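Scroll down for the structure; my scribbles are underneath it.
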Amino acid sequence: SLFESQWRRASGGERETTELDGRFSEIRARIFTLALAKKSELLDTLKNVLEQAEDSKQAEEVKALQKQWNDIGYLPPELEKELPDTFYSLCNTYFEQRKEQYQKYTEEIEKNCKIREEICIEAEKLAGSTDWKLTKEAFAQLQKQWDESWPAPHKKSQELWLQFSKYRDLFFENYHSFQAENDKRKEALCADAEQLLARLNVNESESSADETA
-7 SLFESQWRRA SGGERETTEL DGRFSEIRAR IFTLALAKKS ELLDTLKNVL
43 EQAEDSKQAE EVKALQKQWN DIGYLPPELE KELPDTFYSL CNTYFEQRKE
93 QYQKYTEEIE KNCKIREEIC IEAEKLAGST DWKLTKEAFA QLQKQWDESW
143 PAPHKKSQEL WLQFSKYRDL FFENYHSFQA ENDKRKEALC ADAEQLLARL
193 NVNESESSAD ETA
């Protein structure tokens, strides 16, 4: 998703990049295909785990599968379809049937949901910052906190992720615009400096000619 937002920003120029657009679109589709296959594999593995006789390791295995699912991230809804709902429904049912584990699980979900809400609040504050270096580091830290805040409620997390992505993308759009303007200013300064150098060289040549004469 970060690559996509960067690509959209990079596509704001005047030049057509049809070949590159097609290349990026093809790579994107292949990545989504691999991610979708992995999610389907995780769902099958989850079903197999839940079909086994319950033991002390089962809960941790389910959580580990959730972690892998979470690490893949969100795919376009038209690709995932009912896959996430099925996966999370099985996980929730499993923990609901184990009261003590379910209580702990729901507490973790609530805690992580609050963490993600706080991440969005902080991201909104940072979105308009022009302290580029510190803010880039702050967003990297927020991303790390997001990745570590699991398990979390699926639907709510999707909503929060859209908020977080919006604020992050806004900052980086401003940052890249600033960089682009800086590049233009540097190019203009180089051109001005070259013109000055050319005038100095002309003046020096004329002075040498006068001295020779």
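Residues -7 to 205 in the numbering used here are what the sequence shown lists, from first letter to last. Glycine included, C-beta positions come from ideal geometry on N, C-alpha and C. What you are looking at is a predicted structure, and each value in this text was computed from that prediction instead of being measured.
In three-state terms, what does DSSP make of Ala45?
The count along the sequence shown starts at 1 and reaches residue 45 at position 53. Reduced to three states, the DSSP call for Ala45 is coil.
With a threshold of 7 Å on Cβ separation, who are the neighbours of Ala216 within its own chain once the five nearest residues in sequence on each side are excluded?
The question about residue 216 has no answer, for the chain in this structure spans -7 to 205.
Three or more C-beta pairs closer than 8 Å, one from the stretch 142 to 155 and one from the stretch 99 to 112: is that the case here?
yes
Only counting the same chain, and skipping five residues up and downstream in sequence, which positions put a Cβ closer than 7 Å to that of Pro76?
Sequence index remark: in the sequence shown, residue 76 carries index 84 (1-based). For Pro76, where only same-chain residues beyond five positions count, the Cβ hits under 7 Å are His146.
Hey, Ile101 and Ala56 are a contact pair by Cβ (cut 8 Å); roughly how many whole angstroms apart?
The residue you call residue 101 lines up with position 109 of the sequence shown. The residue you call residue 56 lines up with position 64 of the sequence shown. Their Cβ separation, rounded to whole angstroms, is 16 Å, which puts Ile101 and Ala56 out of contact at 8 Å.
Same chain, Cβ closer than 6 Å to Ala51, five either side skipped, listed in chain order
Taking the sequence shown and counting its residues from 1, the one referred to as residue 51 is at position 59. Within the same chain, Ala51 has close Cβ partners Gln93.
Using C-beta distances below 7 Å, list every residue in its chain close to Glu109, excluding the 5 sequence neighbours before and after it, in chain order.
In the sequence shown, counting from the first residue as 1, residue 109 sits at position 117. Around Glu109: Leu152.
Hey, Lys156 and Ile111: beta-carbon distance below 8 Å or not?
Mapped onto the sequence shown, residue 156 falls at position 164. Mapped onto the sequence shown, residue 111 falls at position 119. Per the sequence shown, the amino acid found at residue 156 is Phe instead of Lys. The answer is yes: Cβ separation under 8 Å.
Find out if the Cβ-Cβ distance for the pair Ser17, Asp161 is shorter than 8 Å.
Position 25 of the sequence shown holds residue 17. Position 169 of the sequence shown holds residue 161. No, Cβ-Cβ distance for Ser17 and Asp161 is not below 8 Å.
Where Leu67 and Thr78 are concerned, what is the direct C-alpha to C-alpha distance, given to the nearest angstrom?
As a working mapping, residue 67 is identified with position 75 in the sequence shown. As a working mapping, residue 78 is identified with position 86 in the sequence shown. About 15 Å.
Relative to the C-alpha of Glu140, which residue among Asp36, Cys182, Gln58 is closest?
For the purposes of this step, residue 140 is taken as residue 148 along the sequence shown, with counting starting at 1. Glu140 has its Cα closest to that of Gln58, out of Asp36, Cys182, Gln58.
How would you label Lys136, buried or exposed, when you count the other beta carbons within 10 angstroms and need 16 or more for buried?
Here residue 136 corresponds to residue number 144 of the sequence shown, with the count starting at 1. It counts as exposed.
8 Å Cβ cutoff met for Val54 and Tyr86:
Taking the sequence shown and counting its residues from 1, one reaches residue 54 at position 62. Taking the sequence shown and counting its residues from 1, one reaches residue 86 at position 94. In contact: Val54 and Tyr86 (Cβ atoms closer than 8 Å).
Three-way DSSP call (helix, strand, coil) for Arg90 in this model:
To locate residue 90, count along the sequence shown from 1; it is residue 98. If DSSP states are grouped into helix, strand and coil, Arg90 belongs with coil.
Who are the near neighbours of Ile64 in its chain, counting only those whose CB is closer than 7 Å to its CB and skipping five residues on each side?
Here residue 64 refers to the residue found at position 72 when the sequence shown is read from its first residue. Once the five neighbours on either side are set aside, the close Cβ partners of Ile64 are Ala27, Lys30, Lys31.
From the DSSP output, in three-state form, read off Gln73 for me.
One-based indexing of the sequence shown puts residue 73 at position 81. Rather than Gln, the amino acid found at residue 73 in this sequence is Lys. In the structure shown, Lys73 sits in coil (DSSP, three-state: anything other than H, G, I, E or B).
Please state if the CB of Ala115 and the CB of Tyr159 are separated by a distance shorter than 8 Å.
To locate residue 159, count along the sequence shown from 1; it is residue 167. To locate residue 115, count along the sequence shown from 1; it is residue 123. It is a contact, given that the beta carbons lie within the stated cut-off.
So Thr71 and Phe24 are supposed to be a Cβ contact under 8 Å. How far apart are they, rounded?
Position 79 of the sequence shown, counted from the first residue, corresponds to residue 71. Position 32 of the sequence shown, counted from the first residue, corresponds to residue 24. Reading the sequence as shown, one finds Leu at residue 71 and not Thr. At roughly 6 Å, the Cβ-Cβ gap stays under 8 Å, so Leu71 and Phe24 are in contact.
I need the straight-line Cα distance from Lys178 to Gln187, nearest angstrom please.
As a position in the sequence shown, residue 178 is number 186, starting the count at 1. As a position in the sequence shown, residue 187 is number 195, starting the count at 1. Looking at the two C-alpha atoms, the distance is approximately 14 Å.
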